[in-house]
Amino acid sequence: MIGLEFLEQMDVFRNLNDDQLSAIRKCAEAVDFKRGDRIFVQGDPASHVWIVLEGEVELRTELPGQTGVAGSLPSFMSEAKAFGWACFVPPYKYRLSCYCASRWCKVIRLNREDLLAIFEQDEVIGFIVMDYLLGAVGKQFAQLQDAIAKDRGIEMMSQW
Amino acid sequence: MAAIDVLKQVETFQTLSDDELSEIGKLTIEKQFAYGDRLFKDGDAATHLWIVEEGIIDLRFDLPGRETSEESTLSTITANKCIGWSSLVSPYKYKLSAYCASSRCRVLAIDRDSFHEFLTRHPKTGYQVISAMLRVVGRRFQRLQGSSDDAPLAPVKVTVHMATCGIVAGARDVMKAAIEAATRPGLERVVVVGGGCLGKCATEPNVTVEIQHQGTVVYQKMNAEKMRRVFDEHIANGRVLNDWVLEGENI
């Protein structure tokens, strides 16, 4: 079982007390991957939030035919970073694919339904975790937006 | 301070009780903008969350040394939607500039610090609002990801010429029909504005339709019914109504 000391080191759970961490621990499962392993695929039903415990993962888009800006925008996540916000956003499908990008990595996965049950019982946990995930999707959104703006800006400037 | 009925319509507040909405209402300030006004600038400290009460807001990237234009619009935000979620996410800086893209815009501004302090003090409300905000930003991410290979939507400007000659000929009814038609779903990129005399008083009311990359068409002797047809045929489907075009004015 994952130790509370591991959980409390993670940004997403930093402000939770021991009781709240224990509730989270009950729905957390550690999974190991080696370099190149696919953790989930873009378009799969999004059923888990994921947190990198050790190593590094890469998030990237790979829909067939998606060759534009969105298709060339990998992002990397290392220890203590959470991802998988798509499990709380309809249609609940992963928007990116996720691969192990280091020699090996250990990742915690938290089941969406279990998390929602915890949030319903203790809204403080819900607020803190959702606030963190809002930050995560905000960062990805800004990264994608910057790339598209740069792409269109270059195109517009070349038309002068 | 915003009324509860207004806040109830907002995408991030729809699950809240009247008491919760009343508290949030106390944090709002109403502001008005005219077409082309800038609400905030890319890189500014994101001090407010904004709610569009009426009108259309374009979120654009600004290019150095170049005036803003619809070409640089990445998102168009309509009534009851939020902008400025960067105010709730580190590093708390706006990522794009926001411009009023309709004849006028009415918005509610919520101070970030007061709002976040309120949500932290009321975690039940905070959980609901932040969950809804996550869905909003997530959906916008999905749309942006899906549209990144597409060309931007063609913006449309409809000018109803409203000088005295036009008004006498019935331009006010034409303007009213145009504004109503522009609120239809799918026509968020249509801007309706009033213009001066074209120097063609005998053919008033005149209406100019400009579609980006498709040229300009001037229609003559318009009325409300013809205006609605122009929206249905020309603006929505690209079919110019040649019988009503002012001779020599299809540019």
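Protein chains in written order, with my numbering: chain A, 1 to 160; chain B, 161 to 411. Where a beta carbon is used, it is the ideal one built from N, C-alpha and C, also for glycine.
Residue i to residue j, Cα distance in whole Å?
i: Ser331 (chain B); j: Leu358 (chain B); result: Note that residue 331 (chain B) corresponds to Ala in the displayed sequence, not to Ser. Using only the alpha carbons, I get a separation of about 13 Å.
i: Ala341 (chain B); j: Phe391 (chain B); result: 7 Å
i: Asn366 (chain B); j: Thr175 (chain B); result: 46 Å
i: Thr412 (chain B); j: Gln121 (chain A); result: There is simply no residue 412 (chain B) to check, as chain B begins at 161 and stops at 411 in what is shown.
i: Leu7 (chain A); j: Glu214 (chain B); result: 45 Å
i: Gly55 (chain A); j: Asp114 (chain A); result: 26 Å
i: Ser291 (chain B); j: Phe127 (chain A); result: 8 Å
i: Asp333 (chain B); j: Lys386 (chain B); result: 11 Å
i: Asp165 (chain B); j: Val249 (chain B); result: 27 Å
i: Ser182 (chain B); j: Ala163 (chain B); result: 8 Å
i: Val124 (chain A); j: Gly196 (chain B); result: 42 Å
i: Val170 (chain B); j: Val267 (chain B); result: 12 Å
i: Asn240 (chain B); j: Thr172 (chain B); result: 9 Å
i: Asp309 (chain B); j: Leu144 (chain A); result: Note on Asp309 (chain B): pLDDT 38, under 50, position unreliable in the model; the coordinate value appears next. Rounded to the nearest angstrom, the two C-alpha atoms are 12 Å apart.
i: Ala269 (chain B); j: Trp104 (chain A); result: 47 Å
i: Lys186 (chain B); j: Arg38 (chain A); result: 49 Å
i: Ile395 (chain B); j: Glu180 (chain B); result: 42 Å
i: Lys381 (chain B); j: Val320 (chain B); result: 11 Å
i: Val316 (chain B); j: Asp11 (chain A); result: 46 Å
i: Met130 (chain A); j: Arg349 (chain B); result: 33 Å
i: Asp403 (chain B); j: Val296 (chain B); result: 45 Å
i: Gln66 (chain A); j: Asn383 (chain B); result: For Gln66 (chain A), the pLDDT reaches just 49, beneath the cut-off of 50, and the residue's location in the model is therefore unreliable, although a value from the coordinates is still provided. C-alpha separation (whole angstroms): 46 Å.
i: Asn397 (chain B); j: Thr238 (chain B); result: 22 Å
i: Val289 (chain B); j: Gly135 (chain A); result: 14 Å
i: Thr343 (chain B); j: Val352 (chain B); result: 10 Å
i: Asp32 (chain A); j: Asp178 (chain B); result: 47 Å
i: Lys26 (chain A); j: Gln20 (chain A); result: 10 Å
i: Cys242 (chain B); j: Phe83 (chain A); result: 23 Å
i: Leu347 (chain B); j: Lys191 (chain B); result: 24 Å
i: Glu149 (chain A); j: Thr228 (chain B); result: The residue asked about is misnamed: residue 149 (chain A) is Ala in this sequence, not Glu. Near 13 Å, if we compare the C-alpha coordinates of Thr228 (chain B) and Ala149 (chain A).
i: Arg112 (chain A); j: Phe88 (chain A); result: 8 Å
i: Lys81 (chain A); j: Arg226 (chain B); result: 39 Å
Measure the CB-CB distance between residue i and residue j and report whether it falls below 8 Å.
i: Met335 (chain B); j: Gly355 (chain B); result: no
i: Val137 (chain A); j: Gly298 (chain B); result: yes
i: Val369 (chain B); j: Leu406 (chain B); result: no
i: Leu401 (chain B); j: Arg389 (chain B); result: yes
i: Leu133 (chain A); j: Leu294 (chain B); result: yes
i: Ser235 (chain B); j: Leu209 (chain B); result: no
i: Ala338 (chain B); j: Val318 (chain B); result: yes
i: Phe301 (chain B); j: Gln140 (chain A); result: yes
i: Ser262 (chain B); j: Ile211 (chain B); result: no
i: Leu96 (chain A); j: Arg60 (chain A); result: yes
i: Ser232 (chain B); j: Arg272 (chain B); result: no
Between residue i and residue j, how many whole angstroms is the CB-CB distance? I'm expecting something under 8 Å.
i: Val107 (chain A); j: Val52 (chain A); result: 6 Å
i: Leu199 (chain B); j: Ile184 (chain B); result: The Cβ separation is near 20 Å, so there is no contact.
i: Tyr287 (chain B); j: Phe119 (chain A); result: 6 Å
i: Leu110 (chain A); j: Ala23 (chain A); result: About 11 Å separates the two Cβ atoms, so there is no contact after all.
i: Ala205 (chain B); j: Tyr252 (chain B); result: 6 Å
Only counting the same chain, and skipping five residues up and downstream in sequence, which positions put a Cβ closer than 7 Å to that of residue i?
i: Ser18 (chain A); result: According to the sequence provided, residue 18 (chain A) is Asp. The question's Ser does not apply to it. Closer than 7 Å at the Cβ level, and outside the excluded window around Asp18 (chain A), lie Leu4.
i: Ala30 (chain A); result: Ile2, Leu53, Lys106, Ile108
i: Ala194 (chain B); result: Cys260, Arg264
i: Asn15 (chain A); result: Ile128
i: Tyr92 (chain A); result: Pro45, Ala46, Ala86
i: Glu393 (chain B); result: Arg399, Leu401
i: Lys284 (chain B); result: none
Among residues of its own chain, excluding the 5 on either side of residue i, which ones have a beta-carbon nearer than 6 Å to its beta-carbon?
i: Cys361 (chain B); result: Cys325
i: Ile94 (chain A); result: The amino acid occupying residue 94 (chain A) in the given sequence is Tyr; Ile does not appear at that position. Taken in chain order, the residues that qualify are Phe40, Gln42, Asp44, Ala46, Ala86.
i: Glu364 (chain B); result: Cys325, Gly326, Ala329
i: Ile189 (chain B); result: Ala269
i: Arg35 (chain A); result: Cys100, Arg103
i: Ala142 (chain A); result: none
I'd like the list of long-range same chain contacts for residue i, defined as Cβ closer than 8 Å, with 5 residues on each side in sequence excluded.
i: Lys201 (chain B); result: Asp222, Tyr254, Ser257
i: Thr280 (chain B); result: Gly286
i: Gly203 (chain B); result: Lys253, Tyr254
i: Trp245 (chain B); result: Leu209, Met293, Val296, Val297
i: Ala311 (chain B); result: Residue placement at Ala311 (chain B) is poorly supported in this model, since its pLDDT is 35, which falls under 50; the coordinates still yield a value, given next. For Ala311 (chain B), where only same-chain residues beyond five positions count, there are no Cβ hits under 8 Å.
i: His282 (chain B); result: Glu180, Glu183
What does residue i reach in chain C if we use C-beta pairs closer than 7 Å?
i: Met293 (chain B); result: In the structure shown, chain C cannot be found, because the protein chains are A and B.
Quiz prompt | Completely contained beta strand (DSSP E) runs for the stretch 246 to 303 of chain B, where each covers 3 or more residues | solution = 257 to 260, 264 to 271
Quiz item: What beta strand (DSSP E) runs, 3 residues minimum, are completely inside the stretch 331 to 357 of chain B?
Solution: Runs of the beta strand (DSSP E) spanning 3 or more residues and lying entirely within the stretch 331 to 357 of chain B occur at 350 to 355, in chain order.
Exercise. Could you name each continuous beta strand (DSSP E) segment of 3 residues or more that falls completely within the stretch 167 to 237 of chain B, going from the start of the chain to the end?
Key: 188 to 194, 198 to 200, 208 to 214, 217 to 220, 233 to 237
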